[in-house]
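Trainee:
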Amino acid sequence: MMKSVLETMLHLRDVRTKDARDYVSKIDSKIILIDGDQLTGLMIDYGIGVAQVASYTVKRLDSDYFVAE
Numbered sequence: 001m002m003k004s005v006l007e008t009m010l011h012l013r014d015v016r017t018k019d020a021r022d023y024v025s026k027i028d029s030k031i032i033l034i035d036g037d038q039l040t041g042l043m044i045d046y047g048i049g050v051a052q053v054a055s056y057t058v059k060r061l062d063s064d065y066f067v068a069e
């Protein structure tokens, strides 16, 4: 099975991509159209082509600390 990625600068809601959406809906092969916003989100989620610049620690109260003895 061949897998590939084709990247374009067109926005999927753009009128110019209507032909691509129509074509994909009519063929047997599985093709998933992903716009730039989706691609960016996937890159961040999976850590592909991105670099971490900061991280944050989330803290909660430790209720055991406040238990009376």
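Everything in the sequence shown is counted per the working numbering, starting at 1 for the first residue and increasing by one.
Beta carbons are placed, not taken as given, at the ideal position from N, Cα and C, and that holds for glycine.
(1) How many angstroms separate the CA atom of residue 18 from the CA atom of residue 27?
(2) How many Å lie between residue 25 and residue 32 at the Cα?
(3) Skipping 5 residues on each side, what residues in its chain have a beta carbon closer than 6 angstroms to that of residue 65?
(4) Helix, strand or coil, according to DSSP, for residue 37 in the structure here?
Mentor: So, to answer that:
(1) Here residue 18 is taken as the residue at index 18 of the sequence shown, counted from 1. Here residue 27 is taken as the residue at index 27 of the sequence shown, counted from 1. Annotation: residue 18 to residue 27 spans about 15 angstroms, alpha carbon to alpha carbon.
(2) For the purposes of this step, residue 25 is taken as the residue at position 25 of the sequence shown. For the purposes of this step, residue 32 is taken as the residue at position 32 of the sequence shown. Taking the straight line joining both Cα atoms gives about 10 angstroms.
(3) In the sequence shown, counting from the first residue as 1, residue 65 sits at position 65. The beta carbon of residue 65 is closer than 6 angstroms to none in its chain, skipping five residues each way along the sequence.
(4) The sequence position of residue 37 within the sequence shown is 37, counting from 1. Of the three classes helix, strand and coil, the one that applies to residue 37 here is helix, per DSSP.
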